[in-house]
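Accompanying notes for the structure given below.
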Amino acid sequence: MSRTQIWGGGHMALLCLCMLATAHFVIGAAPKKPVAVPFGRNYVPTWAFDHIKYFNGGSEIQLLLDNYTGTGFQSKGSYLFGHFSMQIKMVPGDSAGTVTAFYSITPKHLDLGIGFLVDDVPIRVFKNSKDLGVRFPFNQPMKIYSSLWNADDWATRGGLEKTDWSKGPFLAHYKNFHVDGCESSVNAKYCETQGKRWWDQKEYQDLDAYQWRRLRWVRKKFTIYNYCTDRKRFPTMAPECKRDR
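For reference, each letter of the sequence shown is one residue, going -28 to -1, 1 to 217 in mature numbering (1 follows the signal peptide of the UniProt record, and there is no 0).
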């Protein structure tokens, strides 16, 4: 559902976050074709406002990280289901220790990191493991967040490599903001679609066989960190890790 593109000499990924749930299945409308809107239509800064720069009338933004602070933003609304995308040019060059994140959080602080696709290849799936005691956002509206921050205490081989601030400030660029979902904070009845919306359809509830094979390939070739295997930070394996295989 996304692809890698070249933008300004660096790699730019179209990142997508999907929140879906089980429903009765009937023929429903497909997801809307992504339509870019200005940042301020659906998002607001969350901290360090002076570290966010705006370009082209707000259709593009830039997050800045220096040795004082990073910055971030969140969605104005809260969503139960939907498809959310934006193009992000990650911090280029020697950026070890920096983290550009895209995630969602419920009011009860259930945090879901992005499960985005590059060239239509899935790289992460958060499975429903309620039977194992793992919380899952069935009826918890979520806000969308993105941030640029320093994590050199753990992100670089357990903190062995520190951020080289002489290479800073570090910049991440964003554009093409798109939202297609049910905003429960505005109209809860819109989420009670009874199978009429695309997020209620069976094909959007899980990856197909080909996508699962691609996911296993990505994990084998490109995974550099997995909290399920980090016994130093997490001596007791999280319950959902039993299915993260």
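Think of the CB as a built atom: it goes at the ideal place given N, C-alpha and C, for glycine as much as any other residue.
Neighbourhood of residue i by C-beta, 6 Å cutoff - its chain only, sequence neighbours within 5 removed
i: Pro17; result: Ile24, Phe45
i: Ala20; result: Thr41, Thr43
i: Asp124; result: Gly69, Lys134, Thr135
i: Lys139; result: Asp66
Sub-7 Å separation of residue i and residue j beta-carbons
i: Thr128; j: Ala68; result: yes
i: Trp121; j: Gly65; result: no
i: Tyr146; j: Ile60; result: yes
i: Pro113; j: Ser156; result: yes
i: Val106; j: Pro211; result: yes
i: Ala144; j: Val63; result: yes
i: Leu52; j: Pro141; result: no
Residue interval of the beta strand (DSSP E) (run including residue i)
i: Leu52; result: 51 to 61
i: Tyr26; result: 24 to 27
According to DSSP, residues forming a beta bridge with residue i
i: Asn122; result: Thr70
i: Lys115; result: Ile77
i: Tyr146; result: Ile33, Ile60
i: Cys154; result: Phe53
i: Phe45; result: Pro17, Ser118
i: Val9; result: Phe149
Cβ shell of residue i (< 7 Å), same chain only, five flanking positions each side left out
i: Cys200; result: Met209, Ala210, Cys213, Asp216
i: Phe206; result: Tyr199
Nonlocal neighbours in the same chain, by C-beta distance under 8 Å from residue i, ignoring five residues either side
i: Met58; result: Leu(-15), Leu(-14), Phe74, Ser118, Tyr146, Lys147, Asn148, Phe149, His150
N- and C-terminal bounds of the alpha helix (DSSP H) containing residue i
i: Gln183; result: 181 to 194
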